[in-house]
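Residue numbers (full-length UniProt numbering): 1 to 148. Idealized CB from N, CA, C, for every residue including glycine. Just so you know, these numbers come straight off a predicted model, no measurement behind them. One structure is given here, and the rest of the page talks about it.
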Amino acid sequence: MDGQGHEQRASGPRPRAGRVRRHVFPGRNRRINPSFTPAEYAEVVAAAERAGFTPTGFCAQAALAAARGETSPTAPASLELEALSVLQSELFDARSAVNRVGGNLNQAVTALHRTGEVPVWLSTVVAMCARTVAVLDEVISRVHRRVR
């Protein structure tokens, strides 16, 4: 809560839905609208998640790889590099969130030593810490699924 009685949302890393392909300027203006059965769509979504893409970005990457004659249209080197780039970005976000939580915990300890009382906002910091750990757990799980 802030000083005016409004609840504040603790910051932390935001979970990402997936990465869209690299953007180009002036942009892509040709669209293709593939249709899938529910089972086929589930396969596409699962493959996109493994690659760190949105389903749309994954379909575009796979279609271009197939059109170019790449041996593995579902995992070309550029797709793998993009997935690693997304992972790196998420780990940087998580590291920043952990640093913020650490700074807040240091402030709480300083206040505790100074006043002898636990700051009322400490529960918010604990919640931030829990969310940050949950995001890290998700990133670690995605890495685990990719390497096994």
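query: What do you get for Val143, buried or exposed, if any count of 16 or more other CB atoms within 10 angstroms of its CB means buried?
result: By the neighbour-count rule (16 or more Cβ atoms within 10 Å), Val143 is not buried but exposed.
query: How about Gly52 and Leu87: do their beta carbons lie closer than 8 Å?
result: Cβ distance < 8 Å, so Gly52 and Leu87 count as in contact.
Contact set for Gly116: own chain, Cβ-Cβ below 7 Å, skip 5 residues either direction: Around Gly116: no qualifying Cβ.
message: What would DSSP say about Ile140, mapped onto helix, strand or coil?
response: Note: Ile140 maps to helix in three-state DSSP.
query: Around the C-beta of Ala134, are 16 or more other C-beta atoms found within 10 angstroms, so that it is buried, or is it exposed?
result: Ala134 should be labelled exposed.
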